[in-house]
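Residue 267 in the numbering used here sits at position 120 of the sequence shown, and the numbers go up by one each step. The beta carbon of each residue, even a glycine, is placed where N, CA and C say it ideally should be. Since the structure comes first, as structure tokens, the remarks are kept for the end.
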Amino acid sequence: MKILFKILIISLFINIFLFKIYPYSLNNSTLSIKSKSAILITPQNSDVIFEKNAYEKFYPASTTKILTAIIVLETLDLDERVKVSKKASNINGTKVGLYAGGFYTVEDLLYGLLLNSGNDCAIALAEHVCGSEATFSKLMNRKAHSIGAHNSNFVNSSGLHDDDHYTCAYDLSKILGYAIKNKKFVEISTSKSHKILGTNGDFFNICNQNQLLLKNGKYYYKHALLGKTGFTTPAQYTFAASARNNNIDLIAVALKAKSKDEYLQDIINLFDYGFSKIKKIHITSK
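This is the structure in structure tokens:
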């Protein structure tokens, strides 16, 4: 009996050990992903279910704002008032339309950052945290490295193109995996809309741009939780998203897609592939 008991214990240990290393079947031959780079992971333990050029450097565009939001959430009080500089107000690209000299709460600016992808919100928040965007970018790099994103370099808070501003799909999946642990980040990112109020009586109504969450849309995905899109000409289209099914979380990233249709379909295919591959192991004693 003692020998049999030892055999059972050893067998149990081996099964658990192997499950931790090889929890999924990684046969990716049936999955076609068009984006230049992609990854699918489980955020709980960063197990990689699928990857395509996931460790090569690409430009993140506005998916950068995930990291910006996390630093702000961990640094500032939501009801703090932020004064908008001329630099923030006049920034190029997508923006909410903040007025230079106007005051807005940190919370409102986070909504503008994550729902509307406002570059003006990104700079205003970065300047409020560190005094300058350049100093804030140093904080971004320290935070990214602490999360485990070691193949990235950030030089601004918005994701506007810079040759020295880059990441990889694996790093971005780690950053989003960290972000979804923050309840406020999830609350903001899953909101359908929000009204930003300024101290001068100005206001902006913004809506969530994540097409995976639009129930009447072509790319609605019932298991989608949240996501952040991005676009610049050099980066092309980028997307980082999370989904949940039966208490199982997945994170998918697509970089350098040729179109919105391409990255949306890639992300959906990645999630479907992942949920179909995940198997729960039930260990029973006999």
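> From which residue to which residue does the beta strand (DSSP E) around ALA216 run?
Replying inline: Position 69 of the sequence shown, counted from the start, is the residue given in the question as residue 216. For ALA216, there is no enclosing beta strand (DSSP E); the residue is found in the alpha helix (DSSP H) stretching over 212 to 222.
> What does THR337 pair with, by DSSP beta-bridge criteria?
Replying inline: Here residue 337 refers to the residue found at position 190 of the sequence shown. As computed with DSSP, THR337 is found in no beta bridge at all.
>> Is it the case that the segment 248 to 255 contacts the segment 282 to 294, given that we only count it when at least three CB pairs across the two stretches are under 8 Å?
In response: Three or more Cβ pairs closer than 8 Å define a contact, and the segment 282 to 294 falls short of that threshold against the segment 248 to 255.
> Mind pulling the alpha helix (DSSP H) runs of 4 or more residues that sit fully within the segment 310 to 354?
Replying inline: For the segment 310 to 354, the full-length alpha helix (DSSP H) segments reaching 4 residues or more read 316 to 326 and 330 to 336 along the chain.
>> Using the Cβ count rule (16 or more neighbours within 10 Å means buried), how would you classify ASN263?
In response: Here residue 263 refers to the residue found at position 116 of the sequence shown. Its Cβ being crowded by 16 or more others within 10 Å, ASN263 is buried.
> Quick one: what does DSSP say LYS188 is sitting in, helix, strand or coil?
Replying inline: Here residue 188 refers to the residue found at position 41 when the sequence shown is read from its first residue. Sequence check: residue 188 is Ile here, not Lys. Strand.
>> Can you check which of these residues, LEU361, LYS204 and HIS275, is closest to ASP311 by C-alpha distance?
In response: Position 164 of the sequence shown, counted from the first residue, corresponds to residue 311. Per the Cα distances, LYS204.
> Counting only runs that start and end within the segment 228 to 266, where is the alpha helix (DSSP H) found for 4 or more residues in a row?
Replying inline: The qualifying runs are 233 to 236 and 253 to 261.
> Of all the options PHE332, ASN237 and ARG391, which has the alpha carbon lying nearest to the alpha carbon of LYS369?
Replying inline: Stepping through the sequence shown from its first residue, residue 369 is reached at position 222. Looking from the CA of LYS369, the closest CA among PHE332, ASN237 and ARG391 belongs to ARG391.
>> Quick check on DSSP: helix, strand or coil for ASN416?
In response: Translated into positions along the sequence shown, residue 416 becomes position 269. Three-state result, ASN416: helix.
> Going by Cα to Cα distance, which pick from GLY248, THR210, GLY324 and ILE218 is closest to ASN266?
Replying inline: On the sequence shown, residue 266 is found 119 positions in, with the first residue counted as 1. Checking every option, the nearest Cα to that of ASN266 belongs to THR210.
>> Mapping the DSSP letters down to three states, classify LYS369 as helix, strand or coil.
In response: For the purposes of this step, residue 369 is identified with residue 222 of the sequence shown, where counting begins at 1. Reduced to three states, the DSSP call for LYS369 is coil.
>> By the three-class DSSP mapping on this structure, what secondary structure does PHE422 have?
In response: As a working mapping, residue 422 is identified with position 275 in the sequence shown. In the structure shown, the three-state DSSP call for PHE422 is helix.
> Could you give the distance in angstroms between the alpha-carbon of TYR366 and the alpha-carbon of ASP408?
Replying inline: Within the sequence shown, residue 366 is the residue found at index 219, counting from 1. Within the sequence shown, residue 408 is the residue found at index 261, counting from 1. In a straight line, the C-alpha of TYR366 is about 9 Å away from that of ASP408.
> In three-state terms, what does DSSP make of THR177?
Replying inline: Looking up residue 177 in the sequence shown gives position 30. DSSP places THR177 in coil when its eight states are reduced to three.
>> According to DSSP, TYR202 sits in a beta bridge with which residue or residues?
In response: Here the question's residue 202 lines up with position 55 in the sequence shown. In DSSP, TYR202 forms no bridge with anything.
> How far does the alpha helix (DSSP H) with LYS285 in it reach, from first residue to last?
Replying inline: Numbered from its first residue, the sequence shown carries residue 285 at position 138. Per DSSP, LYS285 belongs to the alpha helix (DSSP H) from 280 to 294.
> Going straight from the alpha carbon of TYR181 to that of ASN329, what length do you get?
Replying inline: Counted from its first residue, the sequence shown places residue 181 at position 34. Counted from its first residue, the sequence shown places residue 329 at position 182. With the sequence shown as reference, residue 181 is identified as Lys, and Tyr is not the correct amino acid for it. If you take the alpha carbons of LYS181 and ASN329, they lie about 31 Å apart.
> Between TYR325, VAL231 and HIS297, which lies nearest to TYR246 when the distance is taken from Cα to Cα?
Replying inline: Indexing the sequence shown from 1 puts residue 246 at position 99. Among TYR325, VAL231 and HIS297, the Cα nearest to that of TYR246 belongs to VAL231.
> How would you label GLU334, buried or exposed, when you count the other beta carbons within 10 angstroms and need 16 or more for buried?
Replying inline: Sequence index remark: in the sequence shown, residue 334 carries index 187 (1-based). Under a 10 Å Cβ-count criterion, GLU334 is classified as exposed, with fewer than 16 other Cβ atoms of the shown protein chains found around its own Cβ.
> Are the beta-carbon atoms of ILE188 and ILE322 separated by less than 7 Å?
Replying inline: Walking along the sequence shown from the start, residue 188 turns up at place 41. Walking along the sequence shown from the start, residue 322 turns up at place 175. The answer is no: Cβ separation not under 7 Å.
> By Cβ distance, which residues of its chain are closer than 6 Å to HIS308, with the 5 residues on each side in sequence left out?
Replying inline: Locating residue 308 in the sequence shown gives position 161, counting from the first residue. Within the same chain, and ignoring the five residues on either side of HIS308 in sequence, the residues whose Cβ sits closer than 6 Å to its Cβ are THR379 and PRO381.
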